[in-house]
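**Student:**
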Amino acid sequence: MVNYYNKDLYKILNINFDASSEDIKSSYRKLVRIYHPDVSGNKSNIEKFKEIQEAYEILIDKDKRRKYDVLNGFFSEKIKENFQKTQSEKNIYDETLKRAKDRAEKAEPFSKSINEALDNLFHTKKHPDEKKEKKTPVNGKDIKLDISLTCFEALQGTNRKVNILHTQPCPNCEGRMFINGSICPSCNGTGQISLQKKINVKIPKGVKQGSKVRIKKEGNKGLYGGKDGDLYLVINIEKNQYFEIAGMDIYCNLPVTPYEAALGADIPIKIMNETINIKIPPMTSSGQKLKLAGLGLDNKSKTKKGDIIVTVIIKLPETLSEKEKQLYNQLKDIVNNDIREEMNNGK
Ligand SMILES: [Zn+2]
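According to my numbering, the sequence shown holds residues 701 to 1047 in order.
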């Protein structure tokens, strides 16, 4: 039967009595790298490794550390003086120490882990100072998520359901990785757990290729009062036969019928939740470009606007009716010019 409370946990962790939480963590990590049985490949390290784990788990916990310190007589008169600022604190301290001594004398050799033993020995309230003791806030990290949109969605804006993987400190071990001297079963000793979350996000109209949409506070959770991270949706716009977005400009391939091209037309198109009329002048050929200045996307500071560049594509419907065929035949009979003349004359 091991009498844990007589062990010098500070010595086991190779730290000083006044070591900070950071010192404890840093030293612990170094020791784990040396003594972890999986790392060292040395089975005889198991006991040593367990001892390190237990020492770490007690000293990293402010409450347990204080109990351990009291129990082991680490409280020198000087520390005791600092510890007792008020009469009521002095009373709590004296009472605690007295009870600890009484019970420690009667106590059976410890058969349980030191944590439980210590908890059994002390049923005291938290010292008033501890409430003020705050762990350093750690801000949650941002999460980046790639998202693919059709050109249409990018131009009109859309809503999406996205799955995100949040990581947060393990609630079982509170991120300390160990419980009662063994690896925390909830997080397998990583100190973190991952949570799948489904959220609805709104993607505004007019997002650009490669731009980031920020969803506030949907990143990883902050620790100890630290801020939650943000979620960034990195926009990828799929190409489409009708639209292409390049910077602030929108390129549009506009199908027009042969008669619209010949006679001219006002063609309405839906873009960015608005209907825009595109004026096709008479005698427009396929491939001809029209520029709608200032109707493209905004720059970041909204001080400049891109253009819509329309390329006319003369297109026939999938099928023609008998009546249409007749009319095309009539057209063919009355055609009075040769559009391939230049080509065939070598010009
Ligand atoms: Zn855990």
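The beta carbon of each residue, even a glycine, is placed where N, CA and C say it ideally should be.
Between N872 and ligand 1, is the CB less than 7 Å from at least one heavy atom?
**Tutor:** Position 172 of the sequence shown, counted from the start, is the residue given in the question as residue 872. Yes - ligand 1 has a heavy atom lying nearer than 7 Å to the Cβ of N872.
**Student:** Which same chain residues, not among the five before or five after Y979, have their C-beta less than 7 Å away from its C-beta?
**Tutor:** Along the sequence shown, read from residue 1 onward, the residue named residue 979 stands at position 279. Going by the sequence as given, residue 979 is Lys instead of Tyr. Within the same chain, K979 has close Cβ partners D966.
**Student:** Quick check on DSSP: helix, strand or coil for A961?
**Tutor:** If you number the sequence shown from 1, residue 961 lands on position 261. DSSP places A961 in helix when its eight states are reduced to three.
**Student:** Note the first and the last residue of the continuous alpha helix (DSSP H) segment covering S727.
**Tutor:** As a working note, residue 727 is residue 27 in the sequence shown. For S727, the enclosing alpha helix (DSSP H) has its first and last residue at S721 to Y735.
**Student:** So I715 packs on E751, CB below 8 Å; how close in whole Å?
**Tutor:** One-based indexing of the sequence shown puts residue 715 at position 15. One-based indexing of the sequence shown puts residue 751 at position 51. 14 Å between Cβ atoms; not a contact.
**Student:** Pull up the CB-CB distance for G919 and I847, whole angstroms please, since I reckon it's below 8 Å.
**Tutor:** Looking up residue 919 in the sequence shown gives position 219. Looking up residue 847 in the sequence shown gives position 147. Going by Cβ atoms, the distance from G919 to I847 rounds to 15 Å, so no, they are not a contact pair.
**Student:** Suppose you measure from the CA of R765 to the CA of G929; what does that come to, to the nearest Å?
**Tutor:** If you number the sequence shown from 1, residue 765 lands on position 65. If you number the sequence shown from 1, residue 929 lands on position 229. Distance between the alpha carbons of R765 and G929 is about 32 Å.
**Student:** Which value, in whole angstroms, describes the spacing of the CA atoms of Y728 and N999?
**Tutor:** Numbered from 1 along the sequence shown, position 28 holds the residue referred to as residue 728. Numbered from 1 along the sequence shown, position 299 holds the residue referred to as residue 999. Distance between Y728 and N999, taken at the CA atoms: about 51 Å.
**Student:** Would you call I760 buried or exposed, if buried means 16 or more other Cβ atoms sit within 10 Å of its Cβ?
**Tutor:** Numbered from its first residue, the sequence shown carries residue 760 at position 60. With 16 or more other Cβ atoms within 10 Å, it is buried.
**Student:** Considering just the uninterrupted stretch of the alpha helix (DSSP H) at D1033, what are its terminal residues?
**Tutor:** For the purposes of this step, residue 1033 is taken as residue 333 along the sequence shown, with counting starting at 1. Per DSSP, D1033 belongs to the alpha helix (DSSP H) from E1022 to I1034.
**Student:** With which residues is R914 paired in a DSSP beta bridge?
**Tutor:** Here residue 914 refers to the residue found at position 214 when the sequence shown is read from its first residue. R914 pairs with Y932.
**Student:** Compute the distance between the beta-carbons of L865 and S894, then report whether it is under 8 Å.
**Tutor:** Reading the sequence shown from its first residue, position 165 is the one you call residue 865. Reading the sequence shown from its first residue, position 194 is the one you call residue 894. Yes, the Cβ-Cβ distance between L865 and S894 is below 8 Å.
**Student:** Leaving aside the five residues before and after N977 along the sequence, list all residues of the same chain whose C-beta is less than 6 Å from its C-beta, in chain order.
**Tutor:** Translated into positions along the sequence shown, residue 977 becomes position 277. Closer than 6 Å at Cβ, skipping near neighbours: D966 and P968.
**Student:** What's the gap between the Cα of K939 and the Cα of S726?
**Tutor:** For this step, residue 939 is matched to residue 239 along the sequence shown. For this step, residue 726 is matched to residue 26 along the sequence shown. Straight-line Cα distance between these residues: approximately 50 Å.
**Student:** Could you pull out every unbroken beta strand (DSSP E) segment of at least 3 residues lying fully inside the stretch 857-906, listed in chain order?
**Tutor:** 858-869 and 892-903
**Student:** Take every Cβ of the stretch 858-874, pair it with every Cβ of the stretch 952-963, and state whether three or more of those distances are shorter than 8 Å.
**Tutor:** Segments in contact, no.
**Student:** From the DSSP output, in three-state form, read off A755 for me.
**Tutor:** On the sequence shown, residue 755 is found 55 positions in, with the first residue counted as 1. DSSP places A755 in helix when its eight states are reduced to three.
**Student:** Going by other Cβ atoms of all chains shown within 10 Å of its Cβ, with 16 needed for buried, is Y1028 buried or exposed?
**Tutor:** Walking along the sequence shown from the start, residue 1028 turns up at place 328. With fewer than 16 other Cβ atoms within 10 Å, it is exposed.
**Student:** Check whether the Cβ of N872 lies closer than 8 Å to any Cβ atom in chain C.
**Tutor:** No chain C is present in this structure, which holds just one protein chain.
**Student:** Assuming E944 is part of the beta strand (DSSP E), what are its boundary residues?
**Tutor:** Position 244 of the sequence shown, counted from the start, is the residue given in the question as residue 944. Run containing E944: F943 to A946, per the beta strand (DSSP E) assignment.
**Student:** Anyone know if the C-beta pair for A854 and V907 falls short of 8 Å?
**Tutor:** In the sequence shown, counting from the first residue as 1, residue 854 sits at position 154. In the sequence shown, counting from the first residue as 1, residue 907 sits at position 207. Yes; because the gap between Cβ atoms is below 8 Å, this pair is in contact.
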